[in-house]
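Q: Following this message is one structure expressed as structure tokens.
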Amino acid sequence: MTRQVRWTGAQALALSTSRRLVALDVLRGLAILGTLLTYTWLFSSSSISSLTALVVAAVPATSPQA
């Protein structure tokens, strides 16, 4: 027979912080840092112009046929 345990907010918080995996926290931090660096690169003015050049080079020029 399983026993149901009722946790108060403070007990649940204390349990979750004491059982945290440090490696998982480090991986989450690296993921957030990578996201921040990607957004910084993506929204900087020089990267926008280089992305535009890549898109223009990738899409073939079409000429209207008469």
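For the sequence shown, the numbering used here begins at 3 and goes up steadily by one. Just so it is clear, CB atoms sit at the ideal spot from N, CA and C, and this is done for glycine as well.
(1) Note the first and the last residue of the continuous alpha helix (DSSP H) segment covering Leu23.
(2) Distance check for Phe45 and Thr54, CA to CA, integer angstroms please.
(3) Output needed for Leu56: all residues of its chain with C-beta closer than 7 angstroms, excluding positions within five of it in sequence on either side, in chain order.
A: In short:
(1) Position 21 of the sequence shown holds residue 23. No alpha helix (DSSP H) contains Leu23, which DSSP labels as neither H nor E.
(2) Locating residue 54 in the sequence shown gives position 52, where the first residue counts as 1. Locating residue 45 in the sequence shown gives position 43, where the first residue counts as 1. For Thr54 and Phe45, the distance between alpha carbons rounds to 12 angstroms.
(3) Counting from one through the sequence shown, the residue named residue 56 turns up at place 54. Same-chain partners within the cutoff: there are none.
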